[in-house]
Amino acid sequence: MNALQSGATQPRALVTGVGTINPLGASVPETWAALVAGKSGIAALEEEWAEQLPVKMAGQVTADLNEHLSTREMKRMDRCGQLALIAAREAWKQAGAPDVDPERFAVVIGSAYGGLGSTLEQDRTLAASGPRKVSPHTLTRLMVNGPAAWVSIDLGARGGARTPVSACASGAEAIVQAAEMIRSGAADVVIAGGVDASVNDLVVTGFSQIRALSTRNDDPQRASRPFDGGRDGFVLAEGAGVVVLESEEHARARGAAVLGAVAGGAVTSDANDIVAADPAMQRRVMQKALESAGLKAEDIGFVHAHATSTPVGDRLEGQAINAIFGAGIPVTSTKGHTGHLLGGAGALAAVVVVEALRTGMLPGTLNVEALDPEVALNVVTEDVCHLQPGTPSAGLVNAFGFGGHSVALVITGS
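In case it helps, the working numbering puts the sequence shown at residues 1282 to 1695.
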């Protein structure tokens, strides 16, 4: 499956709950308030290991996870699974914790690196203190499928627990897969999203070595600058975004409050380069997403771009968006606020789009002082753009990842 079937002939995948934990806050309301206020969640790294690195900032979750999870959960789970579970519980609560046949209830949560933090931690313990000091939870902490598994265990989902691993497109791809399960009749309810918790010395160093990260260490809150002419790389971040998708029949039967719908989506692979993006396939994935939703470019009210703040990536995506939608459509990227959540990025963007359609307010793109002249787009630079009456009630989300992974989602209002 590389695209949802035509929206004209398939049941809708309704959104009945959303959840997140990220550098801006430990819930959707906290995150939304920070977004529309133009706040940044990026700060200097205080860990000792950062002292020797060229990049000393990140978007980290500052909430105390002990306030959300039990001592047992904190001990058994990697931070990646912890963040996913917190976001999933918020989304599930908002959805009303629906009564659903467990075998018709599934989980799809993507991640780029899964429990890498635990892998590094326990490897160092082994080297320094020997095997007897290694945690018995090591293997289950490092599993990339851990977040999906923990959520399915916690909420009783027996219809499958899947984990798309497609770098920074993982969370968005999870939502495409979940929507396909709903629309094909394979499930009544699916919890879907993405998560990563890889703010550590290895990942920071790895991205630094390919010059992907901003080095504005003296001004962390202004370092992530999607589409700005002075951008110099992205800021690594952690967090999770989750949506509850539900079949229209199931949601209507129980009188659920509907927040929106995943009307279409597509997944493509560049087959070009392990790192460099192919603009032709970025254009193609947006076209396929529109086709799957049964919509045209003029039916989309705004775009939440992938736009991580890299010099080349933002320019190529901007040109691809322009080719499909023209220069007038409002475009935003909230990575200026949060940094880049890697596998969680596309899922958080989906949550933002659901909230934008629900409230009629589109958060702007932080830190754009002078738009890159090679980006011919209507980039929203104020804190918030109030969507005008008559604006199409649909938004498109882009998510791209190393390996040539491209995903686009079409989300409509309720």
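Here a beta-carbon is modelled for each residue, glycine too, at the ideal position from N, C-alpha and C.
Query                                                                                                                                                                      : Result
My output table needs one value for E1527: the three-state DSSP class, helix, strand or coil.                                                                              : strand
Look up D1477 in the DSSP assignment and say whether it is helix, strand or coil.                                                                                          : strand
From this set, L1643, V1388 and V1660, which residue's C-alpha is nearest G1599's C-alpha?                                                                                 : V1660
Measuring CB to CB, does G1398 end up less than 9 angstroms from A1339?                                                                                                    : no
Looking at the structure shown, is D1404 part of a helix, part of a strand, or coil, going by DSSP?                                                                        : helix
Our contact map puts G1694 next to L1643 with C-beta atoms below 8 angstroms; I'd like the distance itself, whole angstroms only.                                          : Not confirmed; about 12 angstroms, so no contact.
Compare the Cα-Cα distances from D1664 to each of L1483, W1313, V1516 and D1380 and report the closest residue.                                                            : W1313
Tell me, please, whether the segment 1438-1449 touches the segment 1386-1395 by the rule of three or more beta-carbon pairs shorter than 8 angstroms.                      : yes
Between G1620 and L1517, which are expected to be in contact by the criterion C-beta below 8 angstroms, what is the C-beta distance as a whole number of angstroms?        : 6 angstroms
Can we say the segment 1543-1551 touches the segment 1570-1582, given the rule of at least three CB pairs closer than 8 angstroms?                                         : yes
Measure the alpha-carbon distance for F1583 versus A1675 and round it to whole angstroms.                                                                                  : 7 angstroms
Going by C-alpha distance, which of T1297, A1493 and P1501 is nearest V1556?                                                                                               : A1493
So E1527 and L1295 are in contact, right, with Cβ under 8 angstroms, and what is the actual spacing, rounded?                                                              : 5 angstroms
Where are the alpha helix (DSSP H) runs, 4 residues long or more, that stay fully inside the segment 1282-1354, in chain order?                                            : 1309-1317
When you compare the CB of P1507 with every CB in chain B, is at least one pair closer than 9 angstroms?                                                                   : Going by chain labels, chain B is absent from the structure shown, which holds only one protein chain.
Is the segment 1448-1458 touching the segment 1372-1384 in the sense that three or more CB pairs, one from each, lie closer than 8 angstroms?                              : no
Span of the beta strand (DSSP E) holding N1553?                                                                                                                            : It is not in any beta strand (DSSP E) - N1553 carries neither H nor E in the DSSP assignment.
Report all residues from its chain with a CB closer than 6 angstroms to the CB of E1329; omit the five preceding and five following residues, and keep chain order.        : none
Would the segment 1318-1328 and the segment 1486-1506 be scored as touching if the rule is three or more Cβ pairs under 8 angstroms?                                       : yes
Hey, is the segment 1401-1416 in contact with the segment 1623-1637, meaning 3+ C-beta pairs nearer than 8 angstroms?                                                      : no
Write down the C-beta distance between T1301 and A1368 rounded to the nearest angstrom, noting that I regard them as a contact closer than 8 angstroms.                    : 5 angstroms
Assuming A1601 contacts Q1563 (C-beta within less than 8 angstroms), just tell me the rounded distance between them.                                                       : 4 angstroms
Specify, as a first and last residue, the run of the beta strand (DSSP E) that A1561 falls within.                                                                         : Careful: A1561 lies outside any beta strand (DSSP E), inside the alpha helix (DSSP H) at P1560 to A1574.
My output table needs one value for D1509: the three-state DSSP class, helix, strand or coil.                                                                              : strand
Secondary structure at N1426, three-state DSSP: helix, strand or coil?                                                                                                     : coil
Does the distance from the CB of T1591 to the CB of F1515 come in under 9 angstroms?                                                                                       : yes
Could you give the first and the last residue of the continuous alpha helix (DSSP H) run that contains C1666?                                                              : No alpha helix (DSSP H) holds C1666; the beta strand (DSSP E) holding it covers V1665 to H1667.
What ranges does the beta strand (DSSP E) occupy inside the segment 1563-1650, keeping only unbroken runs of at least 3 residues that lie completely in it?                : 1583-1585, 1611-1613 and 1642-1644
Please determine, among A1344, R1439 and D1482, the residue with the shortest C-alpha to C-alpha distance to A1467.                                                        : R1439
Apart from the five residues on each side of it in sequence, which residues of its chain come closer than 6 angstroms, Cβ to Cβ, to V1484?                                 : none
Apart from the five residues on each side of it in sequence, which residues of its chain come closer than 8 angstroms, Cβ to Cβ, to S1550?                                 : M1562, G1684, G1685, H1686 and S1687
With a CB to CB cut of under 7 angstroms and the five nearest residues on each side skipped, what residues in its chain are close to E1384?                                : R1439 and G1440
Just how far apart, CA to CA, sit G1510 and T1400?                                                                                                                         : 38 angstroms
For S1451, which residues from the same chain have a beta carbon less than 6 angstroms from its beta carbon, with the 5 sequence-adjacent residues on both sides left out? : G1391, S1392, A1393, P1445, G1475 and G1624
Relative to the C-alpha of D1725, which candidate in R1512, A1630, K1414 and A1608 has its C-alpha closest?                                                                : Summary: the structure shown does not reach residue 1725, with the chain confined to residues 1282 through 1695, and so no result is reported for it.
The beta strand (DSSP E) with S1687 in it runs from where to where?                                                                                                        : H1686 to G1694
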